[in-house]
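Comments concern the structure below.
In the working numbering, the protein residues as written are 7 to 199.
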């Protein structure tokens, strides 16, 4: 997501007929939101007398969440860029055999990249979930619903990213590579179901 836009502008752009932002961007944005909610619960816990015994741990978790949130932000942007490259590759000239080969290679390379970005979303989501589970156990119980929403958003980020991996891999000509990615990422995805 381009953070210079308002949420309203982003939603308006999301609902148009342009391919980006799309599902991959939204999946990464779910990770941004989940990280933010996790940080909120940490902030609602830190400094409270009742939670003094876990304060240092939650401060450390909050600091980790800052990095994860930034990673998801970057992945949201990278997803847009990756898909834009796929679309550019499809628009390449194909009037000669040489151009057709160049175009096919460019499409394959861009599609591989477009599959790898959501794979990073899956990995980042899998890093986030255990932190959120600890926050649920040790954080301010008045914010339990916020932490629960963060977990749900993280699972949505991982599921959405996996769907993007699957669709991108389905169009790769190198099916050995595609199957390796799918199997690896599906194993991660199955962990959160």
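Every residue, glycine too, gets a C-beta built ideally from N, C-alpha and C.
Nothing here was measured: the structure is a model prediction, and the numbers come from that model.
Please identify the residue among the options whose C-alpha is closest to the C-alpha of residue i.
{"i": "residue 125", "options": "141, 110, 11, 82", "result": "82"}
{"i": "residue 69", "options": "53, 41, 85", "result": "41"}
{"i": "residue 127", "options": "170, 20, 51", "result": "170"}
{"i": "residue 13", "options": "35, 177, 23", "result": "35"}
{"i": "residue 91", "options": "139, 119, 28", "result": "119"}
{"i": "residue 161", "options": "33, 150, 28, 147", "result": "33"}
{"i": "residue 132", "options": "167, 30, 45, 103", "result": "167"}
{"i": "residue 20", "options": "129, 86, 158, 47", "result": "86"}
{"i": "residue 43", "options": "109, 64, 108, 153", "result": "153"}
{"i": "residue 165", "options": "192, 63, 185, 28", "result": "192"}
Label residue i either buried or exposed according to how many other C-beta atoms from any shown protein chain fall within 10 Å of its C-beta, with 16 as the threshold for buried.
{"i": "residue 189", "result": "exposed"}
{"i": "residue 38", "result": "buried"}
{"i": "residue 2", "result": "With the chain represented from 7 up to 199, any question about residue 2 goes unanswered, as that position is not in the structure."}
{"i": "residue 101", "result": "exposed"}
{"i": "residue 75", "result": "buried"}
To the nearest angstrom, report how far apart residue i and residue j are at their CA atoms.
{"i": "residue 111", "j": "residue 194", "result": "29 Å"}
{"i": "residue 1", "j": "residue 30", "result": "Here the chain comprises residues numbered 7 to 199, so residue 1 is not present and cannot be evaluated."}
{"i": "residue 113", "j": "residue 96", "result": "6 Å"}
{"i": "residue 2", "j": "residue 149", "result": "This structure gives no information on residue 2, because the portion of the chain shown stretches from 7 to 199."}
{"i": "residue 199", "j": "residue 140", "result": "18 Å"}
{"i": "residue 135", "j": "residue 103", "result": "49 Å"}
{"i": "residue 88", "j": "residue 50", "result": "37 Å"}
{"i": "residue 178", "j": "residue 117", "result": "7 Å"}
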